[in-house]
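Following: one structure in structure tokens, then a few remarks.
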Amino acid sequence: MIKPYVPRLCLGLATACLVSAAGAQPAAAPKPAAAASPAPVDARVLHLQVILDRLGFSPGVIDGKTGAMLTRAVRGLQLARGLPASGTLDEKTTAYLQQFRDTPGTIEISLTQADMAGPYQGPIPKSEAAQAKLPALGYSTLSERLSERYHTTPETLIALNGGDAKLAAGAKLKVPNVVPASRDYPADLKPDWKATLADLNVGAPQRQAAKVVVDKSEGVLRAYDGEGKLIAQFPATMGSSHDPLPIGKWKIQGESTLPEFHYNPKLFWDASKKERKQTLPPGPNGPVGVAWLDLNKPHYGIHGTPEPAKIGRTESHGCIRLTNWDVARLALMVKPGTPAIFQR
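The sequence shown begins at 1385 in my numbering and counts up by one.
Structural data, given as structure tokens:
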């Protein structure tokens, strides 16, 4: 059985370091050569990312940084609101966003005993054979869980909280303001899925999508209502030269929340010939994250990821990969039979 770790946000490290329950640092944990101030977060950019996230035009991880995914998110909002689709904060877009100026970009939260309790897996082994032996592919650390809960990164939490903030019950932390107004999820959802949605700060209710469009050239998945109006947009990783995005008209034929993953090395061009089929347990650190939206093309789906910061920056084995919080939101928006159009 893997023993849980008690983490803290650690000044000078790119990710949260770990402190054992007895207070001794594990031998594998790196030590910073010297304390360094974390890079400051641009509060204006982070506020914009928070507003876009809350409106359903996801910028991916909220980190206070500009870049291609923020530009795409702004452009998505502009397309949805009938604004010039420049991808920049032009005069009309800035005027539209003024209505959200009093919505804070960050809020202060207090950690609870439940937050501390986990359970936390510790380091996730790389091989599928080793992962298959775990009871679940849950969060490695509390800081990883908090990062997903607030749609951000461990590095951003470090920067927002001055570097060396100990994580303990009752501790107060500054986090991106993505807490939804309601968690009144449909009554027919399974309790563990409701708990996952709440932990990921996915709001309820969500608008229903009549179709989704995966746009390879823009690197996004867009959801449209029955009148053809754009209602949400999420950055996506989609395909590679070895496993290109299957261009065409498909449909979502079902969904699996908190799914097991049936690993078949024959389906992966980069798998070793020595590998064997494995059934990996569910969890946010599983290969498909917290949800799998099955397509009517064998072995293809829309799913989550254990590495949200890599969305839009890496390749996939042909499937469409979203952050866990975005795929969870999309799962509430679609139903079996929803068309899924993949285009260049």
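Yeah, the Cβ is synthetic: ideal placement off N, Cα and C, and Gly gets one too.
How long is the line joining the alpha carbons of residue i and residue j, rounded to whole angstroms?
i, j, result
"residue 1360", "residue 1511", "The requested residue 1360 is not part of the displayed model; the chain covers only 1385 to 1728."
"residue 1410", "residue 1502", "Only weak support is given to the placement of residue 1410: the predicted model assigns it a pLDDT of 34, under 50, and the value that follows is read from those uncertain coordinates. For residue 1410 and residue 1502, the distance between alpha carbons rounds to 19 angstroms."
"residue 1633", "residue 1592", "19 angstroms"
"residue 1684", "residue 1638", "12 angstroms"
"residue 1463", "residue 1474", "14 angstroms"
"residue 1718", "residue 1532", "22 angstroms"
"residue 1635", "residue 1703", "14 angstroms"
"residue 1603", "residue 1622", "7 angstroms"
"residue 1554", "residue 1530", "15 angstroms"
"residue 1415", "residue 1556", "In this predicted model, residue 1415 has a pLDDT of only 44, less than 50, meaning its place in the structure is not dependable; the value taken from the coordinates is given anyway. Residue 1415 and residue 1556: Cα-Cα distance of roughly 25 angstroms."
"residue 1571", "residue 1583", "17 angstroms"
"residue 1689", "residue 1674", "8 angstroms"
"residue 1441", "residue 1453", "10 angstroms"
"residue 1643", "residue 1590", "22 angstroms"
"residue 1492", "residue 1424", "18 angstroms"
"residue 1520", "residue 1509", "12 angstroms"
"residue 1651", "residue 1681", "14 angstroms"
"residue 1585", "residue 1561", "10 angstroms"
"residue 1498", "residue 1656", "40 angstroms"
"residue 1626", "residue 1672", "19 angstroms"
"residue 1713", "residue 1458", "19 angstroms"
"residue 1495", "residue 1438", "22 angstroms"
Under a three-way DSSP split, which group does residue i fall into?
i, result
"residue 1675", "strand"
"residue 1553", "coil"
"residue 1692", "helix"
"residue 1614", "strand"
"residue 1460", "helix"
"residue 1497", "helix"
"residue 1423", "coil"
"residue 1710", "helix"
"residue 1410", "With a pLDDT of only 34 at residue 1410, under the threshold of 50, the placement of this residue in the model should not be trusted; the figure read from the coordinates follows. The answer is coil: DSSP assigns residue 1410 none of H, G, I, E or B."
"residue 1591", "coil"
"residue 1450", "coil"
"residue 1465", "helix"
"residue 1521", "coil"
"residue 1629", "coil"
Per the DSSP calculation, residue i is bridged to which residue(s)?
i, result
"residue 1727", "1599"
"residue 1647", "1662"
"residue 1559", "1491"
"residue 1622", "1704"
"residue 1722", "1636"
Return the first residue and the last residue of the beta strand (DSSP E) that residue i is part of.
i, result
"residue 1493", "1490-1494"
"residue 1482", "No beta strand (DSSP E) contains residue 1482, which DSSP labels as neither H nor E."
"residue 1685", "1685-1687"
"residue 1433", "Taken as a continuous stretch (DSSP letters only), residue 1433 belongs to no beta strand (DSSP E), being part of the alpha helix (DSSP H) at 1427-1439."
"residue 1606", "1604-1608"
"residue 1632", "1632-1641"
To which residues of the same chain is residue i closer than 6 angstroms at the C-beta, ignoring the five residues directly before and after it?
i, result
"residue 1720", "1637 and 1638"
"residue 1607", "1593, 1596, 1615, 1616 and 1717"
"residue 1640", "1676"
"residue 1447", "1537 and 1540"
"residue 1695", "1444, 1619, 1621 and 1707"
"residue 1692", "1445 and 1707"
Starting from the C-beta of residue i, find all residues in its chain whose C-beta is less than 8 angstroms away, skip the five residues before and the five after it, and write them out in chain order.
i, result
"residue 1481", "1432, 1435 and 1473"
"residue 1367", "A query on residue 1367 cannot be resolved here, the shown segment of the chain reaching from 1385 to 1728 and no further."
"residue 1609", "1591, 1592, 1593, 1594 and 1615"
"residue 1476", "1467 and 1468"
In the DSSP assignment, find the alpha helix (DSSP H) that holds residue i and state where it starts and stops.
i, result
"residue 1575", "1575-1583"
"residue 1528", "1526-1533"
"residue 1538", "1538-1544"
"residue 1512", "1512-1515"
"residue 1474", "Residue 1474 -> no alpha helix (DSSP H), and no H or E assigned at all."
Leaving out five residues on either side along the sequence, give the residues of the same chain with a beta carbon under 7 angstroms from the beta carbon of residue i.
i, result
"residue 1726", "1598, 1629, 1630, 1631, 1632 and 1634"
"residue 1647", "1512, 1661, 1662 and 1664"
Is residue i near the ligand HEM, going by C-beta to nearest heavy atom under 7 angstroms?
i, result
"residue 1526", "Absent from the structure shown: the ligand HEM. Ligands present: none."
Is any beta-carbon of chain C found at less than 8 angstroms from that of residue i?
i, result
"residue 1692", "Protein chains in the displayed structure number just one, and chain C is not present."
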